[in-house]
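Okay, structure first, notes after.
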Amino acid sequence: MRALRTLGAALTVCAAAWLTAAAPAAADGKDGTDGKSGTEAPTEAGTGFRTATEIEPGQRATATASTGDYLYWVFPAAAGQVPKVEAELKLPDVSSRHGSATWQLDVYDGLRRHQPCASGTPTRRAAQRDQTVTVSCTLRQVRSWSERWANDPLQGAYYVRLTVVDLPAQDLGLPIDAEVEASVRDAGGAHADGGDVTPLNPVLRAGTAPGTAPGTDAEPPDDDTASDSADDKGGKVPHAVAEPEDGWGSGWWSDRWVWTVIGAALAALAGVGGYTLTRGPRAPGRPPIGPGSDI
Amino acid sequence: MIIKKRLATGALGLLAALACGLISPTAAMAGEPASDSPKVELVLDVSGSMRARDVDGDTRMAAAKQAFNEVLDATPEEVRLGIRTLGANYPGKDRKAGCQDSERLYPVGQVDRTEAKAAVATLRPTGWTPIGLALRGASKDLSGGEGTRRIVLITDGEDSCGLPDPCDVARELAAQGTHLVVDTLGLTLDRKVREQLSCIAEATGGTYTAIQHRDQLSSRIKQLVRRSADTPVETPTPVRGAAECAKAPYLGSGLYSDREGFGEHRWYRMRVAPGQELRASASVAVDRSVDPDYGVLVRAVTPGGRELVRGSEAGSGRTDVISSGLRYPIADVDDDEDKTARTVCLELSQSFSAPASVKRAPGLPVEFAVDVVGNDDPPADLAAFGLGRGWVLLGVLTVGGLLVGLLWGWLARWRVTVWRSN
Numbered sequence: 001m002r003a004l005r006t007l008g009a010a011l012t013v014c015a016a017a018w019l020t021a022a023a024p025a026a027a028d029g030k031d032g033t034d035g036k037s038g039t040e041a042p043t044e045a046g047t048g049f050r051t052a053t054e055i056e057p058g059q060r061a062t063a064t065a066s067t068g069d070y071l072y073w074v075f076p077a078a079a080g081q082v083p084k085v086e087a088e089l090k091l092p093d094v095s096s097r098h099g100s101a102t103w104q105l106d107v108y109d110g111l112r113r114h115q116p117c118a119s120g121t122p123t124r125r126a127a128q129r130d131q132t133v134t135v136s137c138t139l140r141q142v143r144s145w146s147e148r149w150a151n152d153p154l155q156g157a158y159y160v161r162l163t164v165v166d167l168p169a170q171d172l173g174l175p176i177d178a179e180v181e182a183s184v185r186d187a188g189g190a191h192a193d194g195g196d197v198t199p200l201n202p203v204l205r206a207g208t209a210p211g212t213a214p215g216t217d218a219e220p221p222d223d224d225t226a227s228d229s230a231d232d233k234g235g236k237v238p239h240a241v242a243e244p245e246d247g248w249g250s251g252w253w254s255d256r257w258v259w260t261v262i263g264a265a266l267a268a269l270a271g272v273g274g275y276t277l278t279r280g281p282r283a284p285g286r287p288p289i290g291p292g293s294d295i
Numbered sequence: 001m002i003i004k005k006r007l008a009t010g011a012l013g014l015l016a017a018l019a020c021g022l023i024s025p026t027a028a029m030a031g032e033p034a035s036d037s038p039k040v041e042l043v044l045d046v047s048g049s050m051r052a053r054d055v056d057g058d059t060r061m062a063a064a065k066q067a068f069n070e071v072l073d074a075t076p077e078e079v080r081l082g083i084r085t086l087g088a089n090y091p092g093k094d095r096k097a098g099c100q101d102s103e104r105l106y107p108v109g110q111v112d113r114t115e116a117k118a119a120v121a122t123l124r125p126t127g128w129t130p131i132g133l134a135l136r137g138a139s140k141d142l143s144g145g146e147g148t149r150r151i152v153l154i155t156d157g158e159d160s161c162g163l164p165d166p167c168d169v170a171r172e173l174a175a176q177g178t179h180l181v182v183d184t185l186g187l188t189l190d191r192k193v194r195e196q197l198s199c200i201a202e203a204t205g206g207t208y209t210a211i212q213h214r215d216q217l218s219s220r221i222k223q224l225v226r227r228s229a230d231t232p233v234e235t236p237t238p239v240r241g242a243a244e245c246a247k248a249p250y251l252g253s254g255l256y257s258d259r260e261g262f263g264e265h266r267w268y269r270m271r272v273a274p275g276q277e278l279r280a281s282a283s284v285a286v287d288r289s290v291d292p293d294y295g296v297l298v299r300a301v302t303p304g305g306r307e308l309v310r311g312s313e314a315g316s317g318r319t320d321v322i323s324s325g326l327r328y329p330i331a332d333v334d335d336d337e338d339k340t341a342r343t344v345c346l347e348l349s350q351s352f353s354a355p356a357s358v359k360r361a362p363g364l365p366v367e368f369a370v371d372v373v374g375n376d377d378p379p380a381d382l383a384a385f386g387l388g389r390g391w392v393l394l395g396v397l398t399v400g401g402l403l404v405g406l407l408w409g410w411l412a413r414w415r416v417t418v419w420r421s422n
């Protein structure tokens, strides 16, 4: 017992030494650009799905970039929420531009499927004299389950891509400032779903070496279940986004409980009322008065 | 007994301390940086045209030198940085000699700031602009190790040597599977420079920036160096899809990269057991000029050829990537049924096309993200826990309750009557 305790203590000291040694290095490199490390809003954007910068809903992330860059962010959305993304761009100096340009905001789900915007202005044309341009996109409600053939938004990571899609060639490479904010709104009990799909939160790690021989059938599934169980053990595998505080699901609570319980109470009351109406007044010791008593 | 225990305690403590020392990062970080630390090479054009005085009233060379000094001061510890020049040595007119002029000024490694700054200070605008050659040289400088590689090319002129075409060189380097990104910074707003530099950037998934001010130059290089430190080290595993499912490679879960030519189809295989869900996303990147309309299609197919599910996407206009994905859950089976994993074939095809002048090889870069996760059965009811909601529900329940009450009351009364009459 004591031996184990000593071992434990030694390992704790070791881990602490490790952390303090590793922390400054990590802090140097990250520079507050990683959404996972703190609540400070990121000041950089990613350049692709794999390198997308994680943002939390409600955070206002900023990035400096060049016209023509593709800027990527990623945020989590849980079932029952309606995600909305807004982006504001500060365009290059009016004097250095040569014409109007079209800016576009695209949202992709965790499977990199393009998600349509239910409302908002995802594409906007900025005239040459414009200083800023604002684009926005509100998705459909995130479902907790869908048919495999459907393109419904499911809980998990959502990628945001911001870029210019049409511009005068001379304006390529000029500096811009971008601000982006993702927010989520609860859809309410009217849209509370059943079912549960493992969140569409992509794994960020290199694939295992591809096997070519069909004879080695046993191995690939082993690897897969390994990734699965590692997920269950507490997420050792790096994912695109961290799980939201309240979890991926909409939880067990919805106002459907209130409606159903009120319905049950009303049914009970109506039942008692109906009973007293036809049963007639109870008069112990006397025959009941009513049409039945004549017989 | 007690002595034995003490001995064991001591031994375990010692063991833990040893292990601690062995795996401690301080030991590893004191000397050489880890083999997966990111590498960046700054490639600076020192051709004669850098003498032009048009960056905030200063020469382009002076602006670049100042920016380099600031960048060297701000380079994160874990980044291994190198510097290469082009056109720094040969001042003559001979094209052949001028086009071989690219030199490694500072080797890729942990930066000694004073040494690197001293080396930069000696540079004088001199010769030609062999960009293609410099890119090849920089790629060699960066070879080895597992980390990300980035070339930051700073130039004020187009390639004055013609061959090799720097854009083709960049695409070639990117296709070598070394995950090399080239970011370009142009010091002029000249059309040809812009076209060439944006082509180089596009070919490797990098960025192009047009520089007009001095502070813009240093802040952009700093941002790019920092970005290479932030980029995740996990680079996709290269894989080569087959032309048919029967010969396709088996993938595990994770990220894979491949190249797919125009009009090509690529097949891969996955093993999925009942109770699991297959997830696959594919994105095809655009690394050259392509025709404006394009699409991508990912299909999950049984080895027999029956389509299970598909994901597709089409688009038009300027883009860096087109992507789609699919999910294929296999319902769990009872214990006595066959629980062995099944083979699912994945087919990737894209409908990019390019003008005849565009080179076809290597194929377009493909990134595959596949995963197998747990699968829950479809819900018994689409509403949460099968609960109801709304005024109609309340009305129906109330009327239903009332009817039952009336019936029950009538029954009770009828029973009493029957009992009395007996």
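As you go down the protein sequences, you meet chains E and L in turn. Quick note on the UniProt record's numbering: the first sequence kicks off at 1 and runs consecutively. Quick note on the UniProt record's numbering: the second sequence kicks off at 1 and runs consecutively. Think of the CB as a built atom: it goes at the ideal place given N, C-alpha and C, for glycine as much as any other residue.
Which class does residue i belong to by DSSP, given the choice of helix, strand or coil?
i, result
"Val-135/E", "strand"
"Gln-216/L", "helix"
"His-114/E", "strand"
"Tyr-268/L", "strand"
"Trp-408/L", "helix"
"Pro-83/E", "strand"
"Tyr-250/L", "strand"
"Asp-109/E", "strand"
"Asn-422/L", "coil"
"Leu-174/E", "coil"
"His-91/E", "The question names His, yet the displayed sequence has Leu at residue 91/E. Here Leu-91/E sits in coil by DSSP."
"Gly-57/L", "coil"
"Gly-386/L", "helix"
"Thr-278/E", "helix"
"Arg-124/E", "strand"
"Thr-122/L", "coil"
"Leu-153/L", "strand"
"Leu-72/L", "helix"
"Thr-114/L", "helix"
"Asp-258/L", "strand"
For a quick check, are the C-beta atoms of residue i and residue j less than 8 angstroms apart?
i, j, result
"Ser-324/L", "Glu-313/L", "yes"
"Ala-241/E", "Ala-182/E", "The sequence as given places Val at residue 241/E; Ala does not occur at that position. Their beta carbons are not under 8 angstroms apart, which means Val-241/E does not touch Ala-182/E by this criterion."
"Asp-230/L", "Val-203/E", "no"
"Ala-178/E", "Leu-397/L", "no"
"Ile-221/L", "Val-43/L", "no"
"Ser-218/L", "Pro-125/L", "no"
"Thr-163/E", "Gln-115/E", "no"
"Leu-326/L", "Val-366/L", "no"
"Gly-247/E", "Arg-194/L", "no"
"Gln-128/E", "Ser-144/E", "no"
"Leu-86/L", "Thr-129/L", "yes"
"Tyr-294/L", "Gly-315/L", "yes"
"Tyr-90/L", "Gly-82/L", "no"
Anything in chain L within Cβ reach of residue i, meaning under 8 angstroms, just list it in chain order.
i, result
"Gln-170/E", "Leu-189, Arg-191 and Arg-194"
"Glu-44/E", "Gln-223, Arg-226, Arg-227 and Asp-230"
"Ala-126/E", "Result: empty, since nearest Cβ-Cβ is about 15 angstroms, beyond 8 angstroms."
Could you list which residues in chain E have their beta carbon closer than 7 angstroms to that of residue i, in chain order?
i, result
"Arg-318/L", "Val-165 and Asp-166"
"Ala-412/L", "Arg-279"
"Thr-398/L", "Leu-266, Ala-267 and Ala-270"
Going along chain L in order, which residues have a C-beta closer than 9 angstroms to the C-beta of residue i?
i, result
"Ala-190/E", "Arg-389 and Gly-390"
"Trp-103/E", "Neighbours of Trp-103/E on chain L: none; closest Cβ ~11 angstroms, over 9 angstroms."
For residue i, return the contacting residues in chain E, with the cut-off set at a CB-CB distance below 8 angstroms.
i, result
"Leu-406/L", "Gly-274, Tyr-275, Leu-277 and Thr-278"
"Ala-67/L", "Correct list: empty, because the minimum Cβ distance to chain E is about 15 angstroms."
"Thr-209/L", "Ser-66, Gly-173 and Pro-175"
List, in chain order, every chain L residue whose beta-carbon is nearer than 7 angstroms to that of residue i.
i, result
"Ala-182/E", "What Ala-182/E touches in chain L: nothing, since even the nearest Cβ is about 19 angstroms away."
"Arg-148/E", "Val-309, Arg-327, Tyr-328 and Pro-329"
"Ala-206/E", "Glu-234, Thr-235, Pro-236, Thr-237, Gly-254 and Leu-255"
"Arg-129/E", "Chain L residues near Arg-129/E: none, gap ~20 angstroms exceeds 7 angstroms."
Does any C-beta atom of chain C lie closer than 8 angstroms to the C-beta of residue i?
i, result
"Glu-337/L", "Here the protein chains are E and L, and chain C is not one of them."
Relative to the ligand FMN, is the shortest distance from any of its heavy atoms to the C-beta of residue i smaller than 7 angstroms?
i, result
"Arg-161/E", "In the structure on display, the ligand FMN does not appear, and there are no ligands present to speak of."
Where the stretch 368 to 391 of chain L meets chain E: residues whose CB sits under 8 angstroms from a CB there: Phe-368, Ala-369, Val-370, Asp-371, Val-372, Val-373, Gly-374, Asn-375, Asp-376, Pro-378, Pro-379, Ala-380, Asp-381, Leu-382, Ala-383, Ala-384, Phe-385, Gly-386, Leu-387, Gly-388, Arg-389 and Gly-390
Residues, ordered as in the chain, of the stretch 254 to 271 of chain E that lie near chain L by beta-carbon distance below 8 angstroms: Ser-254, Asp-255, Arg-256, Trp-257, Trp-259, Thr-260, Ile-262, Gly-263, Ala-264, Leu-266, Ala-267, Ala-268, Leu-269, Ala-270 and Gly-271
Contact set between the stretch 321 to 334 of chain L and chain E, restricted to residues whose Cβ is under 8 angstroms from the partner: Val-321, Ser-323, Ser-324, Gly-325, Leu-326, Arg-327, Tyr-328 and Pro-329
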